[in-house]
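**Q**
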Amino acid sequence: METNTNYTFKDFKSSAEVRWCPGCGDIAILKAVQTAFAQMNIPKEKFAVISGIGCSSRFPYYMNTYGFHTIHGRAGAIASGVKTANPDLSVWQITGDGDALAIGGNHFIHEIRRNVDVNVLLFNNGIYGLTKGQYSPTSKYGQKTKSSPYGTVEHPFNPGELSIGAGASFFARGIDVNVNDNIDILLAMEKHHGIAIFEILQNCVIFNDGAYSYYTDRETKDDHQIFIKHGEKMIFGKNKDKGLMLDKNFGIKVVKIGENGVTENDLLVHDAKIMSPILHYQLAGLKDPVVTGVIRSVEIECYDYAVHKQIKDVQSTSKIKNMNDLMFSGTTWTVE
Amino acid sequence: METNTNYTFKDFKSSAEVRWCPGCGDIAILKAVQTAFAQMNIPKEKFAVISGIGCSSRFPYYMNTYGFHTIHGRAGAIASGVKTANPDLSVWQITGDGDALAIGGNHFIHEIRRNVDVNVLLFNNGIYGLTKGQYSPTSKYGQKTKSSPYGTVEHPFNPGELSIGAGASFFARGIDVNVNDNIDILLAMEKHHGIAIFEILQNCVIFNDGAYSYYTDRETKDDHQIFIKHGEKMIFGKNKDKGLMLDKNFGIKVVKIGENGVTENDLLVHDAKIMSPILHYQLAGLKDPVVTGVIRSVEIECYDYAVHKQIKDVQSTSKIKNMNDLMFSGTTWTVE
Amino acid sequence: METQKPIIEKEHVVIKFAGDSGDGIQLTGTQFSETSALMGNEVVTFPDYPAEIRAPKGTIGGVSGFQINIGQSDINTPGDYVDVLVVLNPAAYKANMHWLKTGGTLIVDKDAFTDKNLEKVGLLKNPLTDEDLSAYQVISAPITSMTQEVLADKEIDRKDILRSRNMVALGMAYWLFQRDLSYTEEYFREKFKKKPEVAEANLAAIKAGYNYGENLQFVRSYKVNRAKIEKGTYRNINGNIATTWGLLAAAEKAGLQLFLGSYPITPASDILQEMAKRKDVGAITFQAEDEIAGISTAIGASFAGKFACTSTSGPGLALKSEAINLAIMTELPLVIVDVQRGGPSTGLPTKTEQSDLLQALWGRNGDSPIPVIAASSPSNCFEFAFIAGKIALENMTPVILLTDGFIANGTKPWKIPKMEDLPSITTRLKKEGDSEYLPYKRIEGTMIREWAVPGMKNYEHRNGGLEKVAVTGGVSYDPINHEVMTYERLKKVQDIEHQIPKQKVHGPQSGKLLVVGWGGTYGHLLTAVQELREEKMDISYTHFNYINPLPSNTEEIFSKYEKILICEMNTGQFFSYLRTLFPHNNFVKYTKVQGFPFTITELKNEIKKHLEE
Amino acid sequence: METQKPIIEKEHVVIKFAGDSGDGIQLTGTQFSETSALMGNEVVTFPDYPAEIRAPKGTIGGVSGFQINIGQSDINTPGDYVDVLVVLNPAAYKANMHWLKTGGTLIVDKDAFTDKNLEKVGLLKNPLTDEDLSAYQVISAPITSMTQEVLADKEIDRKDILRSRNMVALGMAYWLFQRDLSYTEEYFREKFKKKPEVAEANLAAIKAGYNYGENLQFVRSYKVNRAKIEKGTYRNINGNIATTWGLLAAAEKAGLQLFLGSYPITPASDILQEMAKRKDVGAITFQAEDEIAGISTAIGASFAGKFACTSTSGPGLALKSEAINLAIMTELPLVIVDVQRGGPSTGLPTKTEQSDLLQALWGRNGDSPIPVIAASSPSNCFEFAFIAGKIALENMTPVILLTDGFIANGTKPWKIPKMEDLPSITTRLKKEGDSEYLPYKRIEGTMIREWAVPGMKNYEHRNGGLEKVAVTGGVSYDPINHEVMTYERLKKVQDIEHQIPKQKVHGPQSGKLLVVGWGGTYGHLLTAVQELREEKMDISYTHFNYINPLPSNTEEIFSKYEKILICEMNTGQFFSYLRTLFPHNNFVKYTKVQGFPFTITELKNEIKKHLEE
Ligand SMILES: Cc1ncc(C[n+]2csc(CCOP(=O)(O)OP(=O)(O)O)c2C)c(N)n1
Ligand SMILES: Cc1ncc(C[n+]2csc(CCOP(=O)(O)OP(=O)(O)O)c2C)c(N)n1
Ligand code: SF4
Ligand code: SF4
Ligand SMILES: [Mg+2]
Ligand SMILES: [Mg+2]
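Chains as they are written, first to last, in this note's numbering: chain A, 1 to 336; chain B, 1001 to 1336; chain C, 2001 to 2613; chain D, 3001 to 3613.
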């Protein structure tokens, strides 16, 4: 799909006025996406940005590409349709934790299962922003919101575990304000064949402000988030002195270099490409530090590719080439 | 909920004529359920058996309990409603791979996430039986069916991985004809607080006959299925000479006792109750042998319990006890 | 009593095969009807499947039937009552005997009338021996034992032998109608190319049946002469296949690839299944996780520039209603096929009904106008599917095509059109190379917008489900704009009346009584009216395929009759709809909600009543 | 020019507060209206939220408004045009100035009219200084600087100081209407019990505004005397809260626990949110994963014996349609609340409309009759929610209750009923202890079945969405049974006409013109008709709350008028519906599809036109 384009992020800015609340995490994500798109060497007209309904789903209006602001929850199905119809497009689905995981949960797990080559940006702010603050499937247990005045008694999904459980070939996580990391991830998604889920921890300043502050507080963030890269050691911390290591039976543990004889060499090296999901599943599930970066990226045949390949295969051997052939095939009789 | 009942499986047979095809795996499952219900010491009128639409979903008609044959895909939501409305009932959801994982996929993952105390029997025959043979979300890649005359290019779900990825507190697997094992599992489900997913590999003799014959063929089945129990070694094989062992990094491997110095003591002991899902996730994903038995069973607060507890808590402190209290509370004024 | 075997010549004869669902009745019926068509008869068939779950063998619930009306003149229904009934077990006998005309012929496997089988269907005695069947010509043959005998020496196993009972019965039917065996011979030889012994066994069974007939004494056989049929090449086709092909023909004409997003549901699954086979002509099928994803993927495909379709039945249409509105708001072409079945809720999934009409017209939030078209015979499903595609693509709108279980499963010979002879389809795809694209600018003189799709340079734009600003297509909450757009959407649909043919009336162009039908009841209504007109009754008949908008001359037609009798298979939905549009006409209704087509007899009685009043 | 400050006495005055969405306009409006109500005025309010996404500060898209009509006699709408407009920034000015009556009062924060702010809304010059505003009484006050000044020495930070601008404006409005400050004082003291400094700051701001007014020269203030109000205890209530409480009252009366399964959607989310608070009276709320699960969980709860409800808006109703049919087929009680908004598709989510009527009546597969009820004012949402519950529980049927964005968000004082005074509700729960239970046996003389729920001994049975056998409730594909059941379901709904009050007509009981409305347009229509009748015009008016079935005397009423003018906020859905039922009446329609209520003026003009014709 690559050609010689010469874009800057401005080429991807539409003329529509950005209407998110000042301080909303969506704004930084928009910037990262515009910047990344400019670096993808794809002609602008080949981008299709498809969203559902939600604050985040306003996204296509701000992108100077083909855009479709559809209906609540259906972005995954509609994006699957766009990509299957025309695999030549670069299809980006923009969705929220409500849009993708509440009403759209079924389309979400099925686009993952089919491995449609769609790039999904899941804006996870742990709340329904657009409808003004009801809890979502990723709100914390006990969280008080407009619809849970006494605290919700529902357990949240971990979108990474859910995605991998549904068979995701690619899962990444990022934090809204980590624009540069996010650009890296966006570029990796574009390169990946098959579904690419990118969960972005996004701050809703109005209805769920500080939901991720444990991970993002300027003071302490380096000790509570880790950005991992395929082939590199899993190391983090303000002083780069912490890391992840295999635990004896199952699981991963956080260790400190220098303590209990742990050296940097003992740390796990990230392998995003092993087919077994076990490592990825654990990384996705880790609570502290929260794991960002490309957690899983494996090659599985894409649905859209396979659909068109099958059509070509059938056509190459079939005697029926068009409707006249078809209609006159089989048992017919002629009255003269 | 237990009382002194004195039932036999016949008490749970309704007068409706069983209308599944002769040889259909559903018939053996019905027998197991009727037998297990009789052993649960629950008054008959407290059972609510809720299904969607599909061959399997005819199930409630054959059970002499309260039954609800609802609409396609909604069994999970309707069962959640029944149980949340009245936690005192023993609620059993009967569903197929199409009903639960295609159209009903969203309700399925959400009832799991909420951990509603519903017992789900997922009849997985890898096909849409009732509509006469289209592929389902668990049909094998490449499978030729009425709707995939050239072979489907979709990748199947593994219902165990999907359930655990969605946060399941209980997951078990069984094979239709293993009636006694299935009875054990059904009894365990009843004891479990919270969602209990039981995937039953069920043979559809008409549209997908032999889908599981690799696991179930009389000759070879002992070498391709393992029934695991909490606290017991994972051992299987015709000669009880095979087992599962931890692999060096992540994962589980099949070993033969006596080969490469492996002894029975090296085999894994099943722990269905560890909170970490990693072991369970791997067992659920194993292809050969297929793992049956209770794979995961951990205690997490049930939604229906928490909902009613919260109501009681609020009521115990609130000054508002009834509608008159409510309507006359807050800002009012009186005209005289 | 006659000593010679007489032959009864008839204009048309109805024959029904019935047996257990395992008995191969559908194959038997298909062979008989195709042979008859090849011999020059008009043929209309109606397969009558058992309820969706396989009932235990030999029960009423498990009876499968296949009814065929063959004739030498224009026939339009599979017939109400049957002239010849072929039954393979007591269940089939019990379920069908009341349809056999007095004087008709009953062919029955007397071997199957064992005590056990009789008991299964609650028959206390054997009707073949203990009832007075003298009103019928009964051929009570030992079909099971004949089959066993004939096939004893063939190389097939016992189970398979018994599966050939239907072929013995078919042979008897062939004899009864002096059918040519060659078509069926060829069929089996081709089908079992690799297992010639199976082909031979089947053919042996057929011949045994045929010969059994030859040897019968005192039995009348039937003769139906060749029909006077328009020149051309024909094939049998059922409504679902015809619908599929009609959509494909529209795609080819429009120069677009077809995309079908669908979820299986009785009785519409065949469309998905046939389309999945049609990778040869390039169709993309997306078997979605549910109906909502079915239409949503199709809307995505339409956004991406394909000819997008979705197929379903009533409960599925209900689920799609929110998404249909997205297609209405975004003005994207889309065909939604609804093969109607008995409702409400899961209802009667295998039975036919016309009760989704109001849902199709109005079953969505907001004011959401949509064209609705209804096919009226198995074969014209092709034509109306094609037209639905044409209207959708030319007007940039979703279109609902209604068929029903009766025409979807029924077959009729169909004169195969040449693609060259079908009307052209002009899509609204924007030409590449223009400098600007205004998504909601209307093409001059119309309410139709142009279609720019991803991949086209310089036409990047955003579309969506919020109200659109006129011309530019931005988002707008402006009150007046909303009203303007609401009426633009409405007018776009109303304008279609200029693209469709005028409504025609059979019979006098004015008078006392106009009989009105729509959709799948055509064959029955036409036959009833024709028969009454042969009885010199002064009635007219008009049948609607275009439901919204109605043909432009509809009001004019209605104004010419004193009374207008609307016949439909629901509680009166078209009747209600017409009342909303034409307050000045005298509408009355005749309805049937039995999951089963009208019979000619009941229609005639009802119509007569209105003439007499 | 007057030298004294005159006071204008008025029957009713409309005041509107407008500012940026961050300016606390809703709180300001609520305080003003509650204070007025407490002082004995009739009050109707209408909050006008910005479009759903927060627009950048100071833009038109971000304007929030709150309109209040206070009066001393029966008032039914928040008013069209306003007497007093309070605006806190140029965007609010631009968006609202055309609603201010000539001679009306404009209170404005002149500090906010900076070049930057003016530019944001495309104003090239400052209207306060450069435009002729002499047609209005303008109070151009330095509200921002006053706020800063007054609060400079208080212990709150700068950001919070500016948040109190609205309170200065409120103080000015209080002065203009001589309102008593004590209610608001109490409110703040209670609300900020733990932060008395915040309470004091707010009160200081209010007083500053009030005093500013006192010191103004040459300014007319308003006086609205106490209304003659029926004795009783009152509160302000909006439609969504009233709906929630009405459902809860029905549950309490029926002796059942309430279960609400719902998914948030504008403008219905308040119902879920209020119900979630109502754990104190035992309500179970289930915030579902989508609308389908919302209704499905409710159906499950109904099966289990709760009073089950689900709440949504148009797109959600579309999604629920398949499941509604399950409740129709299984004859389970259920209330479905649809708070209508502008459609189709996502449409105009924050605007009001009445365009889901046909969807409610007919938007389902098959013949699927359902009672439909529409509330017509914020406060009578209570009454009709209660009645919807009563009808559902007493008739074993789902019921659709229609409200709309206008009445859902608008408030009206509501005379609080005592639970003792509400009608009783008799559920159809089967008494325990009988020997047998036939799920589809009708209670004698009715079409209503009894309700046995899990947990009841000996009544185990199976229900479901397939067609039911009459009486026993088994599954049946029988043709005649299907027809019987179809008409039983229909008759059950029709029979409800005997349970509802007769329709009443305001004005002459026969004549030339009958104005007809339904649902949320009541206030506007009534006011328009009353004003015309004061002008001695000969018109009558009737307003429908019971839509299906209609009151039994509807046809009789219609037959007494030469012309019937149906006014509604869609393209004519009630009009179409009435035509299906009453072919002999002369219906005409007046519609508005602007996401915005009728104005009294446009209604009066239209009605006059029809009188003159
Ligand atoms: C069918 C339907 N149901 C409900 C809604 C109301 N609704 C709009 S957005 C939304 C949730 C938004 O949450 P999320 O997807 O997390 O997006 P955010 O606003 O937080 O970015 C809801 C419930 C709708 N528009 N359509
Ligand atoms: C809304 C709706 N969509 C589709 C159908 C048709 N349908 C009925 S059952 C079924 C699938 C059945 O498959 P599964 O759940 O695996 O059950 P099985 O018959 O294999 O036991 C389908 C597609 C329906 N009844 N309702
Ligand atoms: S409400 Fe929250 S998510 Fe929505 S725009 Fe504002 S800050 Fe962002
Ligand atoms: S079709 Fe398959 S699943 Fe259905 S009853 Fe028959 S064997 Fe069982
Ligand atoms: Mg969100
Ligand atoms: Mg299945």
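Even glycine gets a Cβ: it sits at the ideal position worked out from N, Cα and C.
Note that this is a predicted model, so its numbers are computed, not measured.
Is the beta carbon of isoleucine 1257 of chain B less than 8 Å from the beta carbon of alanine 1272 of chain B?
**A** Not closer than 8 Å, so no.
**Q** Based on the DSSP secondary-structure assignment, which residues constitute the bridge partners of threonine 3542 of chain D?
**A** According to DSSP, which records beta bridges pairwise, threonine 3542 of chain D is partnered with D/Val3516.
**Q** Could you tell me which whole beta strand (DSSP E) segments of length 3 or greater appear in the segment 1005 to 1064 of chain B?
**A** Counting whole runs of 3 or more residues, the segment 1005 to 1064 of chain B contains the beta strand (DSSP E) stretches 1047 to 1051.
**Q** Distance, Cα to Cα, proline 1087 of chain B vs tyrosine 1303 of chain B?
**A** Roughly 10 Å between the two C-alpha positions.
**Q** According to DSSP, simplified to helix, strand and coil, what is glutamate 1232 of chain B?
**A** It is coil, neither helix nor strand.
**Q** Between which two residues does the alpha helix (DSSP H) harbouring isoleucine 1274 of chain B extend?
**A** No alpha helix (DSSP H) holds isoleucine 1274 of chain B; DSSP gives it neither H nor E.
**Q** Who pairs with valine 1291 of chain B in a beta bridge, going by DSSP?
**A** Paired residue(s): B/Ile1226.
**Q** Please state whether the Cβ-Cβ distance between leucine 3532 of chain D and tryptophan 1333 of chain B is less than 8 Å.
**A** Their beta carbons are not under 8 Å apart, which means leucine 3532 of chain D does not touch tryptophan 1333 of chain B by this criterion.
**Q** Taking CB distances under 8 Å as the criterion, tell me whether glycine 1067 of chain B reaches chain C.
**A** Not one chain C Cβ lies under 8 Å of glycine 1067 of chain B.
**Q** Distance, Cα to Cα, arginine 3579 of chain D vs serine 3559 of chain D?
**A** Arginine 3579 of chain D and serine 3559 of chain D: Cα-Cα distance of roughly 13 Å.
**Q** Cβ of aspartate 1097 of chain B versus every heavy atom of ligand 7: is any distance shorter than 7 Å?
**A** Looking for ligand 7 in the displayed structure turns up nothing; the ligands present are ligand 1, ligand 2, ligand 3, ligand 4, ligand 5 and ligand 6.
**Q** Less than 8 Å between the beta carbons of isoleucine 3025 of chain D and glycine 3065 of chain D, yes or no?
**A** For isoleucine 3025 of chain D and glycine 3065 of chain D, yes; Cβs fall inside 8 Å.
**Q** So that I know if they touch, is there some Cβ in chain C lying closer than 8 Å to that of tryptophan 333 of chain A?
**A** Yes, tryptophan 333 of chain A counts as interfacial toward chain C.
**Q** Which word fits aspartate 3130 of chain D, buried or exposed, when buried means at least 16 other C-beta atoms lie within 10 angstroms of its C-beta?
**A** Exposed, because fewer than 16 other Cβ atoms sit within 10 Å of the Cβ of aspartate 3130 of chain D.
**Q** Apart from the five residues just before and just after asparagine 2202 of chain C, which ones in its own chain have a Cβ nearer than 7 Å to its Cβ?
**A** Contacts found: Ser2164, Met2167, Phe2188.
**Q** Would a check of beta-carbon distances place tyrosine 3263 of chain D closer than 8 Å to chain A?
**A** For tyrosine 3263 of chain D, the answer is yes, since a Cβ of chain A falls inside 8 Å of its Cβ.
**Q** Looking only at C-alpha atoms, which of C/Glu2467, C/Glu2119, C/Val2138, C/Gly2314 sits nearest to threonine 2330 of chain C?
**A** Selected option, being the one with the closest Cα: C/Glu2467.
**Q** Quick one: list the residues of chain C neighbouring serine 3576 of chain D, beta-carbon separation under 7 Å, in chain order.
**A** The answer, in chain order, is Thr2580.
**Q** Compute every distance between the C-beta of tryptophan 1020 of chain B and the non-hydrogen atoms of ligand 4, then say whether any falls below 7 Å.
**A** Because some heavy atom of ligand 4 lies under 7 Å away, the Cβ of tryptophan 1020 of chain B counts as near it: yes.
**Q** Where does the unbroken alpha helix (DSSP H) through glutamine 2573 of chain C begin, and where does it stop?
**A** Looking at the DSSP string, the run of the alpha helix (DSSP H) that includes glutamine 2573 of chain C is 2573 to 2581.
**Q** Would you list the residues sitting across from valine 3442 of chain D in a DSSP beta bridge?
**A** The sequence shown places arginine at residue 3442 of chain D, rather than the valine named in the question. Note: arginine 3442 of chain D sits in a beta bridge opposite D/Arg3449.
**Q** Tell me the rounded alpha-carbon separation between glutamate 45 of chain A and glycine 76 of chain A.
**A** Those two C-alpha atoms are separated by around 21 Å.
**Q** For glycine 23 of chain A, count the other beta carbons within 10 Å of its own beta carbon; 16 or more makes it buried, fewer makes it exposed. Which is it?
**A** That one is exposed.
**Q** Just the chain D side, please: which residues come within less than 8 Å of proline 156 of chain A by C-beta, in chain order?
**A** In chain order: nothing, as chain D lies at least about 13 Å away.
**Q** Taking a Cβ distance cut-off of 9 Å, strictly less, list which residues of the segment 2105 to 2121 of chain C are near chain D, in chain order.
**A** So the list is empty, because no residue satisfies the distance condition.
**Q** Please confirm whether serine 169 of chain A and isoleucine 195 of chain A have their CB atoms less than 8 Å apart.
**A** Yes, these two residues count as a Cβ contact at 8 Å.
**Q** Report whether the distance from the Cβ of asparagine 3096 of chain D to the nearest heavy atom of ligand 1 is below 7 Å.
**A** Checking the Cβ of asparagine 3096 of chain D against ligand 1 gives no.
**Q** Any heavy atom of ligand 5 inside 7 Å of the beta-carbon of tyrosine 128 of chain A?
**A** Result yes, Cβ under 7 Å from ligand 5.
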